[in-house]
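What follows is one structure encoded as structure tokens, with my remarks underneath.
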Amino acid sequence: MTSLNIGCGGDPWGDIGVDLSRSPPEVSNHPNVVASALTLPIRSGVIQEIRCWHAIEHIQDWKGVLNEIVRVSRKGTRVQLRFPIDDGFKRDFLINWSRFNLKHMRHSFRTRRDRLHVWIINPTLVAQQLSAAGFLVRIGRNTRKFFPPWLALGRKARIFGRFYPHFPEIDYEWELNAIRDSP
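Residues 826 to 1008 in the numbering used here are what the sequence shown spells out, letter by letter.
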């Protein structure tokens, strides 16, 4: 099975990881191909599974990335795309604030300050483009609890665990799952 991870960073998932910069060797345990998602160095119609998590919002031509996904996929290829619901700052910052996660709060702030997210992607437009190329598409939302999860663990769970189910969930990312139905 050949799987492709577009915008992989240090994520070890997939047989082929493509990113604009090479991951440090201690982070990644698979070949990381340095290339643009707009010109994938992969033959047409050979990939069976594609993952692109939180990458297309950083690319000027996100439709070009979808065209490349269509080009390298074949019948039966599964595609999973994830991208933020909004600008990738407010919800992410709020979730990480509730978890006291300073590292990720700084990351959210830098993403906003440096304008790293070029687009707020509309999942319906992505689904329309993939559907036109012969994919069956399902759109979903992923949520996170607005509650520090460590309060619901261990001895603290006797006190705080009963409150955990009642805390609100925050939608923080779109998830599109698609399967190519036609060659």
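Just so it is clear, CB atoms sit at the ideal spot from N, CA and C, and this is done for glycine as well.
Less than 8 Å separating the beta-carbons of residue i and residue j?
i: Glu893; j: Leu863; result: yes
i: Ser828; j: Leu845; result: no
i: Ile995; j: Arg916; result: yes
i: Tyr1009; j: Ala977; result: Past the boundaries of the shown model lies residue 1009; the chain is included only from 826 to 1008, so the question cannot be answered.
i: Ile881; j: Leu906; result: yes
i: Phe1009; j: Glu998; result: Here the chain has residues from 826 to 1008 only, and residue 1009 is not among them.
i: Pro948; j: Phe971; result: no
i: Phe925; j: Pro973; result: yes
i: Arg847; j: Val859; result: yes
i: Val904; j: Ala958; result: no
i: Gly842; j: Asn857; result: yes
On a CA-only basis, which of the options is nearest residue i? Give me that one, please.
i: His932; options: Gly889, Phe914, Asn857, Leu1001; result: Phe914
i: Ile945; options: Tyr997, Asp912, Ser956; result: Asp912
i: Ser1007; options: Ser869, Glu882, Ser898; result: Ser898
i: Leu891; options: Arg966, Trp975, Phe960; result: Phe960
i: Ile875; options: Thr902, Gln885, Leu865, Val858; result: Thr902
i: Asp886; options: Phe934, His942, Tyr997, Gly965; result: His942
i: Val962; options: Thr936, Arg1005, Asn921; result: Arg1005
i: Glu1000; options: Pro837, Cys877, Ile867; result: Cys877
i: Arg969; options: His991, Arg987, His883; result: His991
i: Thr801; options: Gly832, His883, Ile831, Gly834; result: The first residue shown for the chain is 826 and the last is 1008, placing residue 801 beyond what the model contains.
i: His879; options: Ile841, Gly832, Gly842; result: Gly832
For the alpha helix (DSSP H) that residue i lies in, which residues bound it at each end?
i: Lys888; result: 887 to 897
i: Asn921; result: 915 to 923
i: Phe960; result: From DSSP, Phe960 is part of no alpha helix (DSSP H) but of the beta strand (DSSP E) over 960 to 970.
i: Ile841; result: Segment 841 to 844 is the beta strand (DSSP E) holding Ile841; no alpha helix (DSSP H) there.
i: Lys981; result: From DSSP, Lys981 is part of no alpha helix (DSSP H); its letter is neither H nor E.
i: Ser956; result: 948 to 957
Along the beta strand (DSSP E) that carries residue i, what are the first and last residues, could you check?
i: Ala1003; result: 994 to 1005
i: Val858; result: 857 to 859
i: Ile875; result: 872 to 878
i: Leu829; result: 828 to 831
For residue i, is the classification buried or exposed, using 16 other Cβ atoms within 10 angstroms of its Cβ as the cut-off for buried?
i: Asn967; result: exposed
i: Gly965; result: exposed
i: Val871; result: exposed
Next on the checklist: I want to know whether the segment 974 to 987 touches the segment 941 to 957 - three or more CB-CB distances under 8 Å.
Outcome noted: no
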